[in-house]
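Notes to accompany the following structure.
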Ligand SMILES: [Zn+2]
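Chains as they are written, first to last, in the numbering used here: chain A, 775 to 925; chain B, 2 to 310.
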C-alpha cells in the first residue's frame, strides 16, 4: 500500500504529508476535501519515523491559499505541504498559525453567543508563557491549542 | 460589511479592554463634570433603547435615569419574556429592528459575547450593560470613578479584592482597567474561589505586584481600597464549606480599627452577608455613593458614544 502511494506520483497539485494518523480526517474536514471535485488520494496509518503512524493526502490540480493551509497548523503543526508542478516540488510551504481563525473552531463555552445563535466563530491566536492559546472573539474565553474543538 | 462593522464596533462600548488609558481618563473627567450638573438637555430629541434580555433593575434604572436627566427618551424592554426574542427572533434581527428607532442601544444579555456581536451588526452604538459572565464595562468605569474620587488619584494604590475572585467579573475587569495605573493588589479569597491563573499571568506580564491570602481577618491594614464581592452559595459544591466561608468573609466594623484613614470600602451591590450592616455608618463605607456615581459615569458614556459632549 505504502509503496503504491509513493509510486502514484502527482503531476500537478498539493501533497500534505506527515499528518499524525489521528488528525488525518480533521485535516480532510477543515480543508473541505469531502466536497472536492479533483482526484484525491488519501492514505493513513503509514509507518513514519517522525510521527509513528502518519497520514498523507494528495490532491490533483488544486492549489490552496496560504490562509487555508495555515488552518492545518492548528491541528497538525508538523505536517509538510509540498506544491507539485510537472512532477517537481516547486514549493515547500512552511505552516504558520494565522493570527485569526474563522468558522472552523467551535467555542468550548456553552454560554457563548456562537453556540446559541447563528453567529460564525472567530478566534484570536495569542501566546501565553510559550503556550499557544486561542481566544474567542465573542465570549473572550481562552483555550490551549491542544484542547481546541474543531467543528 | 467588514469595514462597516469595524467602524461601528469602534463606536460602541463592549469591554473595558477596548478603552485606552486616555479614553478611560476622559470618561472619568466627563463624569466629574456631569456630577456638578447632571440635568441638562444635551440628549434632547435622542432616543435610547434599553434592551434587557435578562432582568437587572439596578443597572437599567441607572442607565435610564442617566438618559432622562439629559433630556433623552427611552424605549425598550426589561426582560426577555416581553421581547420578540421569546418568539425565537435572533439577536441580529432584534438589533436591526431596534436600530430603526433608536440612536443607541444599551443591552444586557445572558449570553457571553452577545454585546460584541451586536456591535458588529448594529448601525448604531451598542453599550454593553453585561453579557453573561463576561463584561460589564460601565460597572468598571464607575468603580474607577469611585476610586479616583475617594483617593484623588488612580496611581500607585494598594487594592484588596475580597470574596469571589474566581467567578466575579467585576474584579477581573477592575484588574485590567487598573493595570494602567501601577497598582498593588492583594487577592483575599477562599481556596474554592481563588483568582484564576490567567489574571495572575496578566499581572506578572504587566509587572503588577500581588499577594494572595485565604483569610479576611486583618489582611487589609495597608489598603487604600477594599473591594468586596458577593460570595454566592451556588458556587460551592460543599455546603459546609460555604457556611464556614460565609462567616469568615463577613466584614465587620471592628475589623476596620487599624486601617488607613483614606481607606474606602467598595462593593458592586447587592450585598448579602459579606458586609455587616454595622459597617454602613462608618465613613469608610462608600458602596452606596459608589452606586450613585454610576449615574454620572453612564451619562459620560452615553454622551461620548453619541458625541453630544
Ligand atoms: Zn466563545
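Just so you know, even glycine gets a beta-carbon here, dropped at the ideal spot from N, CA and C. As the structure is a computational prediction, the values presented were derived from the model and not from experiment.
query: If we ignore side chains and look at the alpha-carbon of each, how far apart do residue 790 (chain A) and residue 902 (chain A) end up?
result: Approximately 29 Å between the Cα atoms of the pair.
message: Just list the residues that DSSP pairs residue 159 (chain B) with in beta bridges.
response: According to DSSP, residue 159 (chain B) bridges with B:185.
message: Nearest by alpha-carbon distance to residue 107 (chain B): which of B:144, B:118, B:143 and B:52 is it?
response: Checked all of B:144, B:118, B:143 and B:52; the closest Cα to residue 107 (chain B) is B:52.
- prompt: Starting from residue 216 (chain B) and walking both ways along the alpha helix (DSSP H), at which residues does that stretch end?
  reply: Where residue 216 (chain B) is concerned, there is no enclosing alpha helix (DSSP H), given that its DSSP letter is neither H nor E.
message: Is any non-hydrogen atom of ligand 1 found closer than 7 Å to the C-beta of residue 218 (chain B), if you look at the structure I gave you?
response: Checking every heavy atom of ligand 1 against the Cβ of residue 218 (chain B), none is found closer than 7 Å.
query: For residue 60 (chain B), which residues from the same chain have a beta carbon less than 7 Å from its beta carbon, with the 5 sequence-adjacent residues on both sides left out?
result: Scanning its chain for C-beta atoms nearer than 7 Å, with the 5 sequence neighbours on each side dropped, one finds around residue 60 (chain B) the residues 109, 130 and 131, in chain order.
task: For chain A, find out if any of its Cβ atoms is closer than 8 Å to the Cβ of residue 163 (chain B); answer yes or no.
output: No, because no Cβ of chain A sits closer than 8 Å to the Cβ of residue 163 (chain B).
message: Please report the distance separating the alpha-carbon of residue 170 (chain B) from that of residue 269 (chain B).
response: Approximately 11 Å, taken between the alpha carbons.
field: Any 3 or more C-beta pairs closer than 8 Å across the segment 121 to 140 of chain B and the segment 10 to 22 of chain B
entry: At 8 Å Cβ cutoff, the stretches touch.
field: Test item, CB below 5 Å from any non-hydrogen atom of ligand 1
entry: The set of residues with a C-beta under 5 Å from any non-hydrogen atom of ligand 1 comprises A:881, A:883, A:886, A:910, A:912 and A:913, given in chain order.
- prompt: Which residues, taken in chain order from the segment 87 to 117 of chain B, show a beta carbon closer than 7 Å to some beta carbon of chain A?
  reply: Taking 7 Å as the Cβ-Cβ cut-off against chain A, the residues of the segment 87 to 117 of chain B that qualify are 91, 92, 112, 113, 114, 115 and 117.
field: Those residues which DSSP pairs with residue 65 (chain B) across a bridge
entry: Residue 65 (chain B) is bridged by DSSP to nothing; it lacks a bridge partner.
task: Rounded to whole angstroms, what's the CA-CA distance from residue 9 (chain B) to residue 91 (chain B)? Just pull it up for me.
output: Interpretation of residue 9 (chain B) is limited by its pLDDT of 41, a score under 50 that renders its predicted location unreliable; the figure taken from the coordinates is listed afterwards. The straight-line gap separating the alpha-carbon atoms of residue 9 (chain B) and residue 91 (chain B) is approximately 20 Å.
message: Any beta carbon from chain A within less than 8 Å of residue 202 (chain B)'s own beta carbon?
response: Answer yes: the Cβ-Cβ gap between residue 202 (chain B) and chain A drops below 8 Å somewhere.
query: Within 10 angstroms of its Cβ, does residue 235 (chain B) collect 16 or more other Cβ (buried), or is it exposed?
result: Flag for residue 235 (chain B) reads exposed.
- request: Could you tell me which residues DSSP pairs with residue 897 (chain A) in its beta bridges?
  value: Per DSSP, A:875 and A:910.
message: Using only the alpha-carbon positions, how far apart do residue 779 (chain A) and residue 799 (chain A) sit?
response: In this prediction, residue 779 (chain A) scores a pLDDT of 49, lower than 50, which makes its location untrustworthy; no coordinate-derived value is stated.
field: Completely contained alpha helix (DSSP H) runs for the segment 114 to 145 of chain B, where each covers 4 or more residues
entry: DSSP runs (the alpha helix (DSSP H)) wholly in the segment 114 to 145 of chain B: 115 to 122.
field: Interfacial residues, the segment 902 to 913 of chain A to chain B, with Cβ spacing under 8 Å
entry: Answer set for the segment 902 to 913 of chain A: 902, 903, 910, 911, 912 and 913.
message: Please report the straight-line C-alpha distance between residue 139 (chain B) and residue 57 (chain B), rounded to a whole angstrom.
response: Taking the Cα positions, residue 139 (chain B) is about 14 Å away from residue 57 (chain B).
- prompt: Comparing the C-beta of residue 72 (chain B) with each C-beta of chain A, is any distance below 8 Å?
  reply: The beta-carbon of residue 72 (chain B) is placed no less than 8 Å from the nearest beta-carbon of chain A.
task: Quick one: residues in its chain with C-beta nearer than 6 Å to the C-beta of residue 212 (chain B), no 5 flanking neighbours on either side, listed in chain order?
output: Around residue 212 (chain B): 187.
- prompt: CB residue 254 (chain B) to CB residue 280 (chain B), shorter than 8 Å?
  reply: Yes.
task: Following the continuous beta strand (DSSP E) through residue 228 (chain B), name the residue where it begins and the one where it ends.
output: Boundaries of the beta strand (DSSP E) around residue 228 (chain B): 226 to 229.
query: From this set, B:96, B:297 and B:218, which residue's C-alpha is nearest residue 32 (chain B)'s C-alpha?
result: When only C-alpha atoms are compared, the closest one is B:297.
message: Taking a contact to mean a Cβ-Cβ separation below 8 Å, would you say residue 294 (chain B) touches residue 158 (chain B) in this structure?
response: Contact: no.
query: Would residue 282 (chain B) be called buried (16 or more neighbouring beta carbons within 10 Å of its own) or exposed?
result: Label assigned to residue 282 (chain B): exposed.
task: Please name the residue or residues paired with residue 52 (chain B) in a DSSP beta bridge.
output: Paired residues: B:78 and B:108.
- prompt: Is it right to say residue 46 (chain B) is buried, meaning 16 or more other beta carbons lie within 10 angstroms of its own, or is it exposed?
  reply: Looking at its Cβ environment, which holds fewer than 16 other Cβ atoms inside 10 Å, residue 46 (chain B) is exposed.
field: Proximity test, Cβ basis, 8 Å: residue 863 (chain A) and chain B
entry: For residue 863 (chain A), the answer is no, since every Cβ of chain B falls outside 8 Å of its Cβ.
query: Hey, residue 111 (chain B) and residue 70 (chain B): beta-carbon distance below 8 Å or not?
result: No; because the gap between Cβ atoms is not below 8 Å, this pair is not in contact.
C-beta contact flag for residue 915 (chain A) and residue 889 (chain A) at 8 Å: No, these two residues do not count as a Cβ contact at 8 Å.
Chain B residues whose Cβ lies nearer than 9 Å to that of residue 810 (chain A): The premise fails here: residue 810 (chain A) is roughly 27 Å from chain B at the closest Cβ pair, so nothing lies under 9 Å.
field: Straight-line Cα distance separating residue 261 (chain B) from residue 220 (chain B)
entry: Going by the C-alpha atoms only, they are around 12 Å apart.
- prompt: Helix, strand or coil for residue 204 (chain B) per DSSP?
  reply: In the three-state DSSP reduction, residue 204 (chain B) falls in the helix class (H, G or I).
field: Option nearest residue 876 (chain A) by Cα separation, candidates A:922, A:894 and A:787
entry: Of the candidates A:922, A:894 and A:787, the residue whose Cα lies closest to the Cα of residue 876 (chain A) is A:894.
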